[in-house]
Amino acid sequence: GQSLEQPSEVTAVEGAIVQINCTYQTSGFYGLSWYQQHDGGAPTFLSYNALDGLEETGRFSSFLSRSDSYGYLLLQELQMKDSASYFCAVLTARGQNFVFGPGTRLSVLP
Amino acid sequence: EAGVVQSPRYKIIEKKQPVAFWCNPISGHNTLYWYRQNLGQGPELLIRYENEEAVDDSQLPKDRFSAERLKGVDSTLKIQPAELGDSAVYLCASSFGGTSGSDTQYFGPGTRLTVL
Numbered sequence: 001g002q003s004l005e006q007p008s009e010v011t012a013v014e015g016a017i018v019q020i021n022c023t024y025q026t027s028g029f030y031g032l033s034w035y036q037q038h039d040g041g042a043p044t045f046l047s048y049n050a051l052d053g054l055e056e057t058g059r060f061s062s063f064l065s066r067s068d069s070y071g072y073l074l075l076q077e078l079q080m081k082d083s084a085s086y087f088c089a090v091l092t093a094r095g096q097n098f099v100f101g102p103g104t105r106l107s108v109l110p
Numbered sequence: 001e002a003g004v005v006q007s008p009r010y011k012i013i014e015k016k017q018p019v020a021f022w023c024n025p026i027s028g029h030n031t032l033y034w035y036r037q038n039l040g041q042g043p044e045l046l047i048r049y050e051n052e053e054a055v056d057d058s059q060l061p062k063d064r065f066s067a068e069r070l071k072g073v074d075s076t077l078k079i080q081p082a083e084l085g086d087s088a089v090y091l092c093a094s095s096f097g098g099t100s101g102s103d104t105q106y107f108g109p110g111t112r113l114t115v116l
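Order-wise, the sequence lines are chains A and B.
Quick note on numbering: the working numbering labels position 52 of the first sequence as 52, and the sequence is numbered without any gaps.
Quick note on numbering: the working numbering labels position 91 of the second sequence as 91, and the sequence is numbered without any gaps.
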């Protein structure tokens, strides 16, 4: 079976840094993606990690440790508009489908 | 460039009624996905198309759900008859395709289905 775990909710203040963790137990592993979804909106792609290490894109960074079956999304200089749900998704094999985690709801307070 | 288009955005029906959702992917995208997303959960794949071929429909409840992608472009997802438990957001996504793990999926706004 496939199992991904994320914290259900995270709260932080504007300007702060927050880390959203994702652990996975899947039949295979090829890569890890992160998506952002605002209430009532469509999921939008943030990042993809296939190799261990940190990938940085502006205020957002994503990290992967394949040996630990673990990854995280790091959001810096939080803004109110970052309030949304964040999903990790595992690609179990090349050419296969992504399995999504349950999502983490981030609330950014003024 | 237009994104993934879905219609309708909202649909309310009574149980046992049929319902259909339509999706127009981004031009040039060969792969099309239908997902179901329940409130507070992540998207769950229902079916994936490569051009007009359904390459993975293992999670599609085939007793009541059907899908088609004629000519490898637009796609329709149908439920007949709908049940109360089908209330959810139905998301369509598309990507260029291929076997690259970094093939980014672009999602449409979804259709929010309420079954009464």
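Glycine included, every Cβ here is placed at the ideal spot set by N, Cα and C.
Assuming contact is defined by CB atoms lying nearer than 8 Å, are residue 50(B) and residue 70(B) in contact in what I supplied? Their beta carbons are not under 8 Å apart, which means residue 50(B) does not touch residue 70(B) by this criterion.
Mind listing the chain B neighbours of residue 87(A)? Cutoff is C-beta to C-beta under 9 Å, in chain order. Chain B residues near residue 87(A): 42, 43.
Would you say residue 72(B) faces chain A, with C-beta separation under 8 Å as the test? No - not a single Cβ of chain A is within 8 Å of the one on residue 72(B).
Where does the unbroken beta strand (DSSP E) through residue 4(B) begin, and where does it stop? Taken as a continuous stretch (DSSP letters only), residue 4(B) belongs to no beta strand (DSSP E), as it is neither H nor E.
Name the residue from 36(A), 13(A), 17(A) whose alpha carbon lies nearest to the alpha carbon of residue 101(A). Of the listed residues, the one whose Cα sits closest to residue 101(A) is 36(A).
Could you confirm whether any beta carbon from chain B is found closer than 8 Å to the beta carbon of residue 97(A)? Output row for residue 97(A): interface = yes.
Find out if the Cβ-Cβ distance for the pair residue 84(B), residue 107(B) is shorter than 8 Å. Result no, Cβ atoms of residue 84(B) and residue 107(B) do not sit closer than 8 Å.
By a C-beta neighbour count over all protein chains shown, 10 Å radius and 16 as the cutoff for buried, is residue 79(A) buried or exposed? When all chains shown are included, residue 79(A) counts as exposed.
What number of angstroms, rounded off, separates the C-alpha of residue 45(A) from the C-alpha of residue 61(A)? Residue 45(A) and residue 61(A): Cα-Cα distance of roughly 13 Å.
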